[in-house]
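Using full-length UniProt numbering, the first residue of the sequence shown is number 1, and each one after it goes up by one.
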Amino acid sequence: MAIATITATGVSSQPPAINHGAVTQKVTRPTIKLPQSLIDEARAVEKESFNPSKHVVFQHPKRIYSMEEIGLEGHGISPNAVSEPFPLFSQDAVKQMRAEIFSEPVLDSCQYTSVFVKHTIRGMGPKRAPFTYNAWRSPEVLSRISEVAGMELVPVMDTEIAAINIAINNQNPSVAQTNDSSKENDLPAFAWHYDSYPFVCVTMLSDCNHMTGGETALKTGTGEIMKVRGPAMGTAVVMQGRYINHQALKALGGQERISMITSFRPKSPLLKDESVLTGVRGISNVPELYSQYTQYRLEILEERIKDRLKTERYRELAGWTFNISEVRQFLNEQMEFLESMLNELVE
Ligand SMILES: [Fe+2]
Numbered sequence: 001m002a003i004a005t006i007t008a009t010g011v012s013s014q015p016p017a018i019n020h021g022a023v024t025q026k027v028t029r030p031t032i033k034l035p036q037s038l039i040d041e042a043r044a045v046e047k048e049s050f051n052p053s054k055h056v057v058f059q060h061p062k063r064i065y066s067m068e069e070i071g072l073e074g075h076g077i078s079p080n081a082v083s084e085p086f087p088l089f090s091q092d093a094v095k096q097m098r099a100e101i102f103s104e105p106v107l108d109s110c111q112y113t114s115v116f117v118k119h120t121i122r123g124m125g126p127k128r129a130p131f132t133y134n135a136w137r138s139p140e141v142l143s144r145i146s147e148v149a150g151m152e153l154v155p156v157m158d159t160e161i162a163a164i165n166i167a168i169n170n171q172n173p174s175v176a177q178t179n180d181s182s183k184e185n186d187l188p189a190f191a192w193h194y195d196s197y198p199f200v201c202v203t204m205l206s207d208c209n210h211m212t213g214g215e216t217a218l219k220t221g222t223g224e225i226m227k228v229r230g231p232a233m234g235t236a237v238v239m240q241g242r243y244i245n246h247q248a249l250k251a252l253g254g255q256e257r258i259s260m261i262t263s264f265r266p267k268s269p270l271l272k273d274e275s276v277l278t279g280v281r282g283i284s285n286v287p288e289l290y291s292q293y294t295q296y297r298l299e300i301l302e303e304r305i306k307d308r309l310k311t312e313r314y315r316e317l318a319g320w321t322f323n324i325s326e327v328r329q330f331l332n333e334q335m336e337f338l339e340s341m342l343n344e345l346v347e
């Protein structure tokens, strides 16, 4: 499998193939209903606006594994691979997010199921979930996530704020059982895969006190398997998931496991963006997904062209010789960028 290398603006090498989600092309809604007690409890909070000084309780992770440490030096877009869980949101913030997730408008239109994820809520958007949206768009949260990622990041697009994976004990015994033998503990909740987007932040919105397991298993560059602890209530893990082969291991015990997944891309338009839509097409509002994807990718292209024009105008003023190979490389990279959009925007 070809692995990408870092280039300034480029998409010059093939990123890892995506091996999940492709089978779910058509949107499917979950048939299992969520317990009413869970919904009622989540809704019974007084609504607040997002306030970073109250709701962000960030502490730098105790440990961040580098790509070099896991044998993937030079792959991806940042030297940082994955963090240990770190405090990010206060308990009040978690309650506000849960109230939005289990609100009527969200449950009416944002629930999906696929082979890959049994019950997920996606595309809540700023209207249905203003607290969650404002949290993930706030400079305070973004600077903290960027600090852990080792590079400046922004959410990939609005529709990826956020994805919430839900496992309920009595509905899905294969995901959350009370049996916690070590053999059971190592069972995967998801297959091995690379994510669709460069970085992911997984935030836990459930109390994990009575849970075991729930780690993320990674495949290192030498093929060994390494386990990283999963997040507990309010804490988060940041991972360069597009470039690391990984799987979530089953969590055992506890009544529910609700995790929020927010996906990120580089803030700089000059860095490569190897996002794909393979894993999310079947669990998204496709017209919205395609529109937001098209907009942000064209914005990137616009900024790259502006930057290239500036360089070219300056070169002429300075009287330097036209650099044919440099301009050709730029054009080739943009052609690959547009070709990958053609691959993603399928009927
Ligand atoms: Fe993943």
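Glycine included, every Cβ here is placed at the ideal spot set by N, Cα and C.
Residue burial classification, residue i (beta-carbon count within 10 angstroms, cutoff 16)
| i | result |
| --- | --- |
| T203 | buried |
| N179 | Reliability fails at N179, whose pLDDT of 39 lies under 50, so the model's placement of it is uncertain and no value is given. |
| V94 | buried |
| V346 | exposed |
| T31 | exposed |
| residue 359 | Since the displayed the chain opens at 1 and closes at 347, residue 359 lies outside it and no answer follows. |
| M211 | buried |
| N323 | exposed |
Nearest neighbour of residue i, chosen from the options [CA to CA]
| i | options | result |
| --- | --- | --- |
| S53 | T28, F86, S90, M67 | S90 |
| G221 | K33, A44, E73 | E73 |
| S109 | S275, A42, Y296, R122 | R122 |
| Q294 | F330, H55, E339 | Per the sequence shown, residue 294 should be read as Thr rather than Gln. Among F330, H55, E339, the Cα nearest to that of T294 belongs to E339. |
| L34 | I168, I64, K127, I145 | I168 |
| V238 | S83, S37, E41 | S83 |
| F199 | T235, A248, I261, A191 | I261 |
| V327 | P231, A44, R304 | R304 |
| L218 | H210, F190, Q334, S325 | F190 |
| A129 | E48, F116, T28, R29 | E48 |
| V148 | F102, Q240, K127 | Q240 |
| S146 | P266, T113, E41, F50 | P266 |
| S143 | G71, L301, L88 | L88 |
| K250 | G230, T235, P269, S268 | G230 |
| E140 | R242, D92, C201, N51 | N51 |
| S268 | I77, R29, H55 | I77 |
| N245 | T235, S206, Y197 | Y197 |
Any non-hydrogen atom of ligand 1 within 8 Å of residue i CB
| i | result |
| --- | --- |
| V200 | yes |
| F264 | no |
| A81 | no |
| G282 | no |
| G76 | no |
| A149 | no |
| A248 | yes |
| G230 | no |
| D195 | yes |
| G214 | no |
| F190 | yes |
| R123 | For clarity, residue 123 is Gly in the given sequence; the question names Arg instead. No - ligand 1 has no heavy atom lying nearer than 8 Å to the Cβ of G123. |
| G254 | no |
| G241 | yes |
C-alpha distance - residue i paired with residue j, whole-angstrom precision
| i | j | result |
| --- | --- | --- |
| V154 | Y133 | 13 Å |
| G253 | C208 | 9 Å |
| M233 | R98 | 12 Å |
| A22 | L289 | Only weak support is given to the placement of A22: the predicted model assigns it a pLDDT of 46, under 50, and the value that follows is read from those uncertain coordinates. Answer to the nearest angstrom: the Cα atoms are 16 Å apart. |
| H298 | F337 | This sequence places Leu at residue 298; His is not what is there. Rounded to whole angstroms, L298 to F337 spans 10 Å at the Cα level. |
| T216 | L107 | 28 Å |
| Y194 | E312 | 37 Å |
| M157 | S138 | 14 Å |
| W136 | E160 | 10 Å |
| A81 | M67 | 5 Å |
| Q59 | Q36 | 35 Å |
| F264 | E152 | 10 Å |
| I341 | D307 | Reading off the sequence shown, one finds Met at residue 341, where the question assumed Ile. When rounded, the distance between both Cα atoms is 21 Å. |
| K286 | A318 | Going by the sequence as given, residue 286 is Val instead of Lys. Rounded to whole angstroms, V286 to A318 spans 48 Å at the Cα level. |
| L331 | I39 | 52 Å |
| S114 | G282 | 7 Å |
| residue 348 | V27 | Only positions 1 to 347 of the chain appear in the structure, and residue 348 is not among them; the question remains open. |
| A163 | R315 | 46 Å |
| I225 | A248 | 12 Å |
| S174 | L301 | Residue confidence is low: S174 scores 41 on pLDDT, short of 50, so the model does not pin down where it sits. Its coordinate-derived value is still stated next. In a straight line, the C-alpha of S174 is about 45 Å away from that of L301. |
| K127 | E100 | 10 Å |
| C201 | K272 | 19 Å |
| S12 | L277 | The pLDDT assigned to S12 is 28, lower than 50, so where the model puts this residue is not dependable; a value taken from the coordinates is nonetheless given after this. Distance between the alpha carbons of S12 and L277 is about 19 Å. |
Identity of the residues DSSP links to residue i by a beta bridge
| i | result |
| --- | --- |
| V82 | Y65, M239 |
| H193 | H246 |
| P87 | T235 |
| N165 | T120, S259 |
| I225 | K219 |
| A251 | G213 |
| M204 | M233, S259 |
| T28 | T113 |
| P155 | F264 |
| V56 | F89 |
| F199 | F264 |
heavy atom of ligand 3 below 8 Å from residue i C-beta
| i | result |
| --- | --- |
| T321 | This structure simply doesn't include ligand 3; it includes ligand 1 instead. |
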